[in-house]
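Here is the structure we will look at.
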Amino acid sequence: MAKGLVLDLETSYILAHTFSLYPDSISHNNIVEDWRIHCAAWKWVGQKKVYTATEKDRDDFGVVAKVAEAIKKADYLIIHNGIKFDMKKLNARIIYHRLPPIPALPVVDTLREARACAAFTSNRLDYIGEYLNVGRKLHNSPGLWTKAFNGDRKSLREMSLYNVQDVLLLEDVYNEIRPYMKKHPNVALIDGSDGCPSCGSPYYEKRGFVHSRTTTKQRYKCNSCGTWFTDKKALAIADKR
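Be aware that the sequence shown starts at 309, since it is given in our numbering, and climbs by one per residue.
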């Protein structure tokens, strides 16, 4: 079974000197303390258990190492804004800690997929979760990120709970919009099975044909997730009768 990893990171502030509340740019020479990863949460698609890792003594080495090991076991990743943010942030810390590179995996970025398949009023995870009636993010207490940046353990525990809810919500949103995605990794190909390319289910049925100017292909609809898909090979004339 193809292993999809649902992942979310919570990163810290950058502490820096600035002359204005609205700086156009801040020199790297003004950085007092750079950012780090406070915590991470991840789970396997379709499984209940959520795994977590939290920084210790303002050091995120353990978080980065555990997330990297989980990624090495995955076939594809599911992250909201993961291509632009999470994966680049993670790689920055992997390089910082001199850890081996993680494998290049397909990333199902639900932010990009939401933009591609629909015109939601907002593409924020919290909004889409509420709009689709599958849940919302947790509200965090005032000053949570500041306290976590300073190493407050209670605040880090609260942030980890916030992180876990993000992962649970992310999987629910992913399951809702997956049938509408055009570029989801082919899990049937990964499995080496004859199933739905989006979810791998063997329960699908023929539903007409797709015609182009030069070919005709058999069309199918998955009875498990609702995805429409076609055969890779065009049908011979005799097969269309």
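For each residue, glycine too, the CB sits at the ideal point set by N, CA and C.
- Message: Taking its Cβ as the centre, do 16 or more other Cβ atoms sit within 10 Å of Phe327, making it buried, or is it exposed?
- Response: Translated into the one-based positions of the sequence shown, residue 327 becomes position 19. Exposed is the call here.
- Take Ala496 as the anchor and find which of Tyr512, Ile387, Ile402, Thr360 has the nearest alpha-carbon. In the sequence shown, the residue the question calls residue 496 occupies position 188. Among Tyr512, Ile387, Ile402, Thr360, the Cα nearest to that of Ala496 belongs to Tyr512.
- Message: Is the separation between the beta-carbon of Leu535 and that of Arg527 shorter than 8 Å?
- Response: Your numbering for residue 535 matches position 227 in the sequence shown. Your numbering for residue 527 matches position 219 in the sequence shown. For the record, residue 535 in the displayed sequence is Thr; it is not Leu. No, Cβ-Cβ distance for Thr535 and Arg527 is not below 8 Å.
- Could you work out which residue in Thr454, Cys533, Val518 is closest to His492 when comparing CA atoms only? Here the question's residue 492 lines up with position 184 in the sequence shown. Here the closest residue by C-alpha is Cys533.
- Are the beta-carbon atoms of Ala348 and Leu385 separated by less than 8 Å? Stepping through the sequence shown from its first residue, residue 348 is reached at position 40. Stepping through the sequence shown from its first residue, residue 385 is reached at position 77. No, the pair does not count as a contact, with Cβ atoms beyond the cut-off.
- Query: What number of angstroms, rounded off, separates the C-alpha of Pro505 from the C-alpha of Met309?
  - Reply: Sequence index remark: in the sequence shown, residue 505 carries index 197 (1-based). Sequence index remark: in the sequence shown, residue 309 carries index 1 (1-based). Pro505 and Met309: Cα-Cα distance of roughly 12 Å.
- Segments of 4+ residues assigned as alpha helix (DSSP H) that fall wholly inside the region 396-463: 418-425, 433-439, 452-457
- Roughly how many angstroms lie between the CA atoms of Pro414 and Ser509, to the nearest whole one? The residue given as residue 414 occupies position 106 in the sequence shown. The residue given as residue 509 occupies position 201 in the sequence shown. Pairing Pro414 with Ser509, the inter-Cα distance amounts to about 20 Å.
- Message: Rounded to the nearest angstrom, what separates Gly459 and Leu446 at their Cα positions?
- Response: The residue labelled residue 459 in the question sits at position 151 within the sequence shown. The residue labelled residue 446 in the question sits at position 138 within the sequence shown. The alpha-carbon atoms of Gly459 and Leu446 are separated by roughly 21 Å.
- Residue interval of the alpha helix (DSSP H) (run including Lys374): Here the question's residue 374 lines up with position 66 in the sequence shown. Its alpha helix (DSSP H) spans residues 369-380.
- Cβ shell of Leu452 (< 7 Å), same chain only, five flanking positions each side left out: Start at 1 with the first residue of the sequence shown, and residue 452 comes out as number 144. Cβ within range, chain order: Ser463, Glu466, Met467.
- Task: Starting from the C-beta of Val475, find all residues in its chain whose C-beta is less than 8 Å away, skip the five residues before and the five after it, and write them out in chain order.
- Result: Counting from one through the sequence shown, the residue named residue 475 turns up at place 167. Only Val314, Leu315, Asp316, Ala349, Trp350, Lys351, Val358 meet the Cβ criterion.
- Query: Are there three or more Cβ pairs, one per stretch, closer than 8 Å when the region 330-337 is compared with the region 388-401?
  - Reply: no
- Message: Could you compute how far the alpha carbon of Asp417 sits from the alpha carbon of Ala324?
- Response: Stepping through the sequence shown from its first residue, residue 417 is reached at position 109. Stepping through the sequence shown from its first residue, residue 324 is reached at position 16. Distance between the alpha carbons of Asp417 and Ala324: 31 Å.
- Exposed or buried, what is Lys423 when buried is set at 16 or more other beta-carbons lying within 10 Å of its beta-carbon? Position 115 of the sequence shown, counting from 1, holds the residue named residue 423. Note on residue identity: the sequence assigns Arg, not Lys, to residue 423. Label assigned to Arg423: exposed.
- Per-residue DSSP class, three states only, for Ala546: Translated into positions along the sequence shown, residue 546 becomes position 238. Model confidence at Ala546 stands at a pLDDT of 47, short of 50, so the residue's coordinates are unreliable; what they give is reported in the following sentence. It is helical.
- Message: How far does the alpha helix (DSSP H) with Leu255 in it extend, from its first residue to its last?
- Response: No statement about residue 255 is possible, as the shown extent of the chain runs from 309 to 549 and does not include it.
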